[in-house]
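Participant:
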Amino acid sequence: MDDLKNWLQKMQHVCSSKEYCKFDIQQKLKSSNLNSDSIERILSELEEQHYIDEDRYIHAFVHDKFWINRWGKMKIRYALYQKQLPEGKIENALNEITDDEYIQHFTSLAKAKWKSLSDNDEPIRQQKLIRYLMGRGVEFEIAKKIANDVNS
3 MDDLKNWLQK
13 MQHVCSSKEY
23 CKFDIQQKLK
33 SSNLNSDSIE
43 RILSELEEQH
53 YIDEDRYIHA
63 FVHDKFWINR
73 WGKMKIRYAL
83 YQKQLPEGKI
93 ENALNEITDD
103 EYIQHFTSLA
113 KAKWKSLSDN
123 DEPIRQQKLI
133 RYLMGRGVEF
143 EIAKKIANDV
153 NS
């Protein structure tokens, strides 16, 4: 019982310093040799005390990955799916990024990348730019449109 209390306090401290989702904390606890009942009790306690909040986590994750790390929606969506978060909540958070913000954000990134591409052949430069944007998680059609806009 003391072990359970200690782990709960540790996880409260961890969750108070940074946003975590249930999956992240579950992975931390699984490596601690606690049984599954204890892990579930700790997770439910953390949720009741609002140390873990999926909505808050998803919104923070989407905001940080888009604005700071410059990830596209596809890459963000995939990362959140891997954390076993609800699809509806993920889509709601992604929909808060407006189309204009999205295009403008990646157009400025594409312009900087375009200047750094050294190939003289325009179609090859454009393909490289599209691949670069898709690697960032931008959808193909949007990457193609941005590449055409930057090229013209």
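Under this note's numbering, think of the first position of the sequence shown as 3, with each following residue one higher. Even glycine gets a Cβ: it sits at the ideal position worked out from N, Cα and C. Quick caveat: nothing in here was measured; it's all calculated off a predicted structure.
With DSSP run on the structure shown, which of helix, strand or coil describes K20?
Facilitator: Within the sequence shown, numbered from 1, the residue matching residue 20 stands at position 18. It is coil, neither helix nor strand.
Participant: Over what stretch of residues does the alpha helix (DSSP H) that includes P125 continue unbroken?
Facilitator: Taking the sequence shown and counting its residues from 1, the one referred to as residue 125 is at position 123. That run of the alpha helix (DSSP H) goes 124-137.
Participant: My understanding is that W9 touches L45, with C-beta atoms under 8 Å, so please give their C-beta distance in whole angstroms.
Facilitator: Here residue 9 refers to the residue found at position 7 when the sequence shown is read from its first residue. Here residue 45 refers to the residue found at position 43 when the sequence shown is read from its first residue. About 11 Å; that fails the 8 Å criterion.
Participant: Exposed or buried, which one is G90 when buried takes at least 16 other CB atoms within 10 Å?
Facilitator: By 1-based counting over the sequence shown, the position of residue 90 is 88. Its Cβ having fewer than 16 others within 10 Å, G90 is exposed.
Participant: Just list the alpha helix (DSSP H) runs in the segment 20-94, keeping only unbroken ones of 4 residues or longer that don't cross its boundaries, in chain order.
Facilitator: Entirely contained in the segment 20-94, the alpha helix (DSSP H) runs reaching 4 residues are, in chain order, 24-32, 38-50, 56-69, 75-84.
Participant: Checking 8 Å against the spacing of the C-beta atoms, do I54 and K24 come in under that value?
Facilitator: The residue given as residue 54 occupies position 52 in the sequence shown. The residue given as residue 24 occupies position 22 in the sequence shown. Yes, Cβ-Cβ distance for I54 and K24 is below 8 Å.
Participant: Quick one: give me the first and last residue of the alpha helix (DSSP H) that T109 is part of.
Facilitator: Indexing the sequence shown from 1 puts residue 109 at position 107. It spans 101-118 - the alpha helix (DSSP H) in which T109 sits, taken as one unbroken run.
Participant: Give the range of the alpha helix (DSSP H) segment to which D151 is assigned.
Facilitator: Your numbering for residue 151 matches position 149 in the sequence shown. Start and end: 142-153.
Participant: Rounding to the nearest angstrom, what Cα-Cα distance links E103 and M76 in this structure?
Facilitator: The residue you call residue 103 lines up with position 101 of the sequence shown. The residue you call residue 76 lines up with position 74 of the sequence shown. Straight-line Cα distance between these residues: approximately 16 Å.
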